[in-house]
Amino acid sequence: MSSEWQTLPIGEIGKVVTGKTPSTAFDHYYGGEYPFYTPSDMDGRKRLESTKRSLSTEGIDSIRGSIIEAGAVMVSCIGSDMGKVAIAANKGATNQQINTILVSRGFDPEYIYYELSTRKDELQMLATGGSAQPILNKGHFCQIQCSVNNLQVPLRSTHWESHPLPNPQMNLGTGH
């Protein structure tokens, strides 16, 4: 790997959120404006513009800690669907089978998508066999190493406006 590239754990590329399903005992939690992403929605499309199910404002508020933003990179981490990758087109939520990377400023979500979408077999091998199905838990998921171009690594500063970031689209064509 050239000096322009380095490896970082997923946990340093962004905040990782594990999804949660709102209680199905409350019908009013469902059928609203927010997409509810599940592995069955991850059908090979890079960007998920639509989902089979949706959540209302009350539904998404009930799982506040699991809300994801548009541009987040979702990875299925349980069962036979493990290793599916997609980008959320809209603010919404995922079920507990998905770990989502809220990609930090300075990293390119599409690059992270492509990096992880080629690694389905590796993700499946990292999974531990549970009693019913394999699972890649959040802790292990956060430790997975990804190759990133140095131009994508954000500055370690809280003053983003006074320290502009490099263009994350530059040099993505160079090999690693």
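Using the numbering used here, you'd call the opening residue of the sequence shown number 8 and step up by one each time.
Cβ atoms here follow ideal geometry from the backbone N, Cα and C, with glycine treated the same way.
Taking residue i and residue j to be in contact with their CB atoms under 8 angstroms, please state how far apart those CB atoms are, rounded to whole angstroms.
{"i": "M49", "j": "S87", "result": "At roughly 12 angstroms, the Cβ-Cβ gap does not stay under 8 angstroms, so M49 and S87 are not in contact."}
{"i": "V92", "j": "Y120", "result": "6 angstroms"}
{"i": "Q198", "j": "P16", "result": "Any answer about residue 198 is impossible in this case: the structure gives the chain only from 8 up to 183."}
Could you tell me the distance, in whole angstroms, from the CA atom of residue i to the CA atom of residue j?
{"i": "K59", "j": "D34", "result": "16 angstroms"}
{"i": "E76", "j": "Q131", "result": "26 angstroms"}
{"i": "N144", "j": "V23", "result": "11 angstroms"}
{"i": "G113", "j": "I70", "result": "28 angstroms"}
{"i": "P116", "j": "G90", "result": "16 angstroms"}
{"i": "L36", "j": "T64", "result": "Note that residue 36 is Tyr in the sequence shown, not Leu. The alpha-carbon atoms of Y36 and T64 are separated by roughly 7 angstroms."}
DSSP has residue i in a bridge; who is on the other side?
{"i": "G21", "result": "V110"}
{"i": "S61", "result": "P42"}
{"i": "P116", "result": "P116 pairs with nothing; no bridge assigned."}
{"i": "Q104", "result": "None; Q104 has no bridge partner."}
Do we get a CB-CB distance below 7 angstroms when we pair residue i with the residues of chain C?
{"i": "K127", "result": "No chain C is present in this structure, which holds just one protein chain."}
Review point. Should the region 100-107 be called in touch with the region 33-45, which here means at least 3 C-beta pairs below 8 angstroms?
Key: yes
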